[in-house]
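Step one of this worksheet: look at the structure below.
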Amino acid sequence: MAKILVTGAAGFIGFHLAKRLLDGGAEVVGLDNLNDYYDVGLKHARLKMLDACPGFRFVKMELADRDAMAGLFKTERFDAVVNLAAQAGVRYSLVNPYIYTESNISGFLNILEGCRHNGVGHLVYASSSSVYGANTAMPFSVHHNVDHPVSLYAATKKANELMAHTYASLYGIPTTGLRFFTVYGPWGRPDMALFLFTKAILEGRPIDVFNYGKMQRDFTYIDDIVEGVCRVINHVPAGEPAWSGNSPDPGTSYAPYRIYNIGNHNPVELLRFIEVLEKALGREAKKNLLPLQAGDVPATYADVDDLMRDVGFTPATSIEEGIGNFVAWYRSYYGA
Numbered sequence: 010m011a012k013i014l015v016t017g018a019a020g021f022i023g024f025h026l027a028k029r030l031l032d033g034g035a036e037v038v039g040l041d042n043l044n045d046y047y048d049v050g051l052k053h054a055r056l057k058m059l060d061a062c063p064g065f066r067f068v069k070m071e072l073a074d075r076d077a078m079a080g081l082f083k084t085e086r087f088d089a090v091v092n093l094a095a096q097a098g099v100r101y102s103l104v105n106p107y108i109y110t111e112s113n114i115s116g117f118l119n120i121l122e123g124c125r126h127n128g129v130g131h132l133v134y135a136s137s138s139s140v141y142g143a144n145t146a147m148p149f150s151v152h153h154n155v156d157h158p159v160s161l162y163a164a165t166k167k168a169n170e171l172m173a174h175t176y177a178s179l180y181g182i183p184t185t186g187l188r189f190f191t192v193y194g195p196w197g198r199p200d201m202a203l204f205l206f207t208k209a210i211l212e213g214r215p216i217d218v219f220n221y222g223k224m225q226r227d228f229t230y231i232d233d234i235v236e237g238v239c240r241v242i243n244h245v246p247a248g249e250p251a252w253s254g255n256s257p258d259p260g261t262s263y264a265p266y267r268i269y270n271i272g273n274h275n276p277v278e279l280l281r282f283i284e285v286l287e288k289a290l291g292r293e294a295k296k297n298l299l300p301l302q303a304g305d306v307p308a309t310y311a312d313v314d315d316l317m318r319d320v321g322f323t324p325a326t327s328i329e330e331g332i333g334n335f336v337a338w339y340r341s342y343y344g345a
């Protein structure tokens, strides 16, 4: 059985991934700092479910704690690491920027150093579709240049990709970055649109709809994200012999380094997303139409050809199915 470190294990994606790995027979060490960015009670509820699974151990720790992280890696000797811990949120990065460098930059460096000194076989880490920033060529491809972020959150995720490449090049550590596209589903984060909309609609309050509802997002269901991550864990990258410094491909390298998009490759307009939610709830939303907010991008759309070619998987869960599953979970968990 593989021993895998999943950071951010009490978080939305980390919880689902850890559960899937445990169900598959892996030994999972789950790390989280249990911060109060959102409801800590929800994080504890996720951990309670993981604690019931054989093979799971939880460690409360800050990624930015250099000595503690070094000790964890030295003691455990992980076969693979999946780094999902980060300070999330594009809009929050506009008001509290310093926390992003502490967690997403310093913390990620500690992950890289732990992998370097302890023979970790594969580092898989969460990047984000936000790295595409000011890009407008659709669909977004990992082979596109992404040097124009429009939020500090996006800049830290781009920095993670650069740092991972450096360690892959210098020390031969296989690294794979995953650009997630608007993840949603049961046990989701309370600061994300689907959760906020559902809560407000059920309480009879208006919802804030940015870009007047014309925003397009490549909404990707959590089970599709987890399936993609699991396949990638077992697909350890090697250097690309055809890679050329004369025309460098951003998505691959001469080093054991890869980048993949994981998205539904089917952008949906926000108003359509809300319409499906209204149908699932049996209630109409009161909409507060607002302009595009600073740091946001008007559209995301994932090119997943590389993911399909290398691991044989393409996300495909419809928003009707995914939103229906979320609403069923929300009603059950909150008694709504």
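Residues 10 to 345 in this note's numbering are what the sequence shown lists, from first letter to last. For each residue, glycine too, the CB sits at the ideal point set by N, CA and C. Nothing here was measured: the structure is a model prediction, and the numbers come from that model.
- Spatial neighbours of T184 in its own chain (CB-CB distance under 6 angstroms, excluding positions within 5 residues in sequence) are listed in chain order as L132, A173, A177 and Y266.
- Distance between G304 and Y263, taken at the CA atoms: about 33 angstroms.
- Three or more Cβ pairs closer than 8 angstroms define a contact, and the stretch 198-209 meets that threshold against the stretch 277-297.
- If the five residues before and after D315 are omitted, its C-beta is found closer than 7 angstroms to the C-beta atoms of V151, G260 and Y269, all from its own chain and listed in chain order.
- For the pair of segments examined, the stretch 223-235 was found to touch the stretch 297-312: the number of CB pairs separated by less than 8 angstroms reaches three.
- In the structure shown, V133 adopts extended strand secondary structure according to DSSP, grouped into three states.
- In this structure, A94 sits near T16, with a CB-CB distance shorter than 8 angstroms.
- Contact annotation: F65 and L26 have beta-carbon atoms that are not nearer than 8 angstroms.
- Counting the other Cβ atoms within 10 Å of the Cβ of R188 gives 16 or more, which makes it buried.
- Across the set I13, I22 and K12, the C-alpha of I22 shows the shortest separation from the C-alpha of V235.
- One alpha carbon belongs to T110, the other to T165, and they sit about 7 angstroms apart.
- A straight line joining the alpha-carbon of E249 with that of R318 spans about 15 angstroms.
- Going by C-alpha positions, Y339 is about 7 angstroms away from P195.
- When the alpha-carbon of L171 is set against those of N113, G213 and M147, the nearest one is in N113.
- Counting along the chain, K83 sits inside the alpha helix (DSSP H) bounded by residues R75 to E85.
- Within the stretch 185-220, the complete alpha helix (DSSP H) segments at least 4 residues long are 202-212, listed from N- to C-terminus.
- Under DSSP, E278 shares a beta bridge with Q225.
- The secondary-structure analysis by DSSP pairs V38 across a beta bridge with L14 and R66.
- In this structure, N273 keeps its C-beta atom at 8 angstroms or more from the C-beta atom of F219.
- Shown here for L211: same chain residues with a beta carbon closer than 6 angstroms to its own, the five before and five after excluded, namely A345 in chain order.
- V90: member of the beta strand (DSSP E) spanning A89 to N92, first to last residue.
- Between D60 and V37, the alpha-carbon positions lie close to 11 angstroms from each other.
- Distances from the CA of F24 to each of D48, R86, K52 and D217 were compared; the closest alpha carbon is that of K52.
- K167 sits in a helix when the DSSP states are folded into three classes.
- With a cut-off of 8 angstroms on Cβ pairs, the stretch 67-84 is in contact with the stretch 121-129, counting three or more such pairs.
- Within the same chain, T229, D233 and N273 come within 6 angstroms of P324 by CB-CB distance, once the 5 residues on both sides are set aside.
- Across the set I182, G291, L301 and R292, the C-alpha of L301 shows the shortest separation from the C-alpha of L279.
- For I242, the closest C-alpha among the options V90, P257 and G116 is that of V90.
- About 5 angstroms separates the beta carbon of S102 from that of S160, a gap short enough to meet the 8 angstroms contact definition.
- The beta-carbon separation of H157 and A146, rounded to 12 angstroms, does not stay under the 8 angstroms limit for a contact.
- A direct Cα-Cα distance of roughly 12 angstroms separates P199 from A97.
- Beta-bridge partners assigned by DSSP to F149: A311.
- Shown here for V49: same chain residues with a beta carbon closer than 8 angstroms to its own, the five before and five after excluded, namely L43 in chain order.
- For K295, the secondary structure class from DSSP, reduced to helix, strand or coil, is coil.
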